[in-house]
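In structure tokens:
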């Protein structure tokens, strides 16, 4: 599988279409959660994905420091096939990128509560009480990468 890293302006129309299609399929349709999926942060993000002959298999975005939080953040983590390790792999790649290319000392996320253990496996720690975001329970988590 090929790892691709691009800023928003480097994405082709086809890549952007495939990314948005996957994100909407899961975060809007599958989770039955109508919300503004295209939130304006994509232009201040790096888009990281794993691709094979069938297309994008896993995706996340690394959002520049100061856009979502004071820290670099990771969001829209998604794997087309679940429970096979590809989600963990893309998250690991996102963390490495944030640390090595952006010099992040910490990475902050807003995770859906059901995925808490997934993020804890990569070293994230819960730093907030549970709250609702678009009707779905979330928590804030942070990873110190120093």
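In this note's numbering, the protein residues as written are 1172 to 1317.
Beta carbons: idealized from backbone N, C-alpha and C, even for Gly.
Bear in mind the structure is a predicted one, so any value in this text is a computation, not a measurement.
Within a Cβ cutoff of 6 Å, which residues of the same chain sit near residue 1243, ignoring the five residues on either side of it in sequence?
Sequence index remark: in the chain shown, residue 1243 carries index 72 (1-based). 1236, 1269, 1273, 1275, 1278.
Does DSSP put residue 1262 in a helix, in a strand, or in coil?
The count along the chain shown starts at 1 and reaches residue 1262 at position 91. Here residue 1262 sits in helix by DSSP.
How do the stretch 1214-1231 and the stretch 1287-1302 stand: do at least 3 beta-carbon pairs fall below 8 Å, yes or no?
Taking 8 Å as the limit for Cβ pairs, the verdict is that the stretch 1287-1302 does not touch the stretch 1214-1231.
State yes or no: is the C-beta of residue 1203 nearer than 7 Å to some heavy atom of the ligand NAP?
The ligand NAP is not part of the structure shown, which contains no ligands of any sort.
Can you give me the Cβ contacts of residue 1232 inside the same chain, cut-off strictly under 6 Å, excluding the 5 residues immediately before and after it?
Here the question's residue 1232 lines up with position 61 in the chain shown. If we look at residue 1232 and ignore the five residues flanking it on each side, its Cβ neighbours are 1216, 1218, 1246, 1247.
From 1262, 1312, 1175, 1263, pick the residue whose C-alpha is nearest to that of residue 1283; which is it?
Along the chain shown, one-based indexing puts residue 1283 at 112. When only C-alpha atoms are compared, the closest one is 1312.
Exposed or buried, what is residue 1229 when buried is set at 16 or more other beta-carbons lying within 10 Å of its beta-carbon?
Counted from its first residue, the chain shown places residue 1229 at position 58. Per the 10 Å Cβ criterion, buried.
Output needed for residue 1310: all residues of its chain with C-beta closer than 7 Å, excluding positions within five of it in sequence on either side, in chain order.
Position 139 of the chain shown holds residue 1310. The residues are 1282, 1284, 1287, 1297, 1299, 1301.
What residue range does the alpha helix (DSSP H) around residue 1188 cover?
On the chain shown, residue 1188 is found 17 positions in, with the first residue counted as 1. Looking at the DSSP string, the run of the alpha helix (DSSP H) that includes residue 1188 is 1184-1195.
State the CB to CB distance for the pair residue 1222 and residue 1173, rounded to an integer number of angstroms; the pair is presumed to be in contact (CB under 8 Å).
Within the chain shown, residue 1222 is the residue found at index 51, counting from 1. Within the chain shown, residue 1173 is the residue found at index 2, counting from 1. Their Cβ separation, rounded to whole angstroms, is 5 Å, which keeps residue 1222 and residue 1173 in contact under 8 Å.
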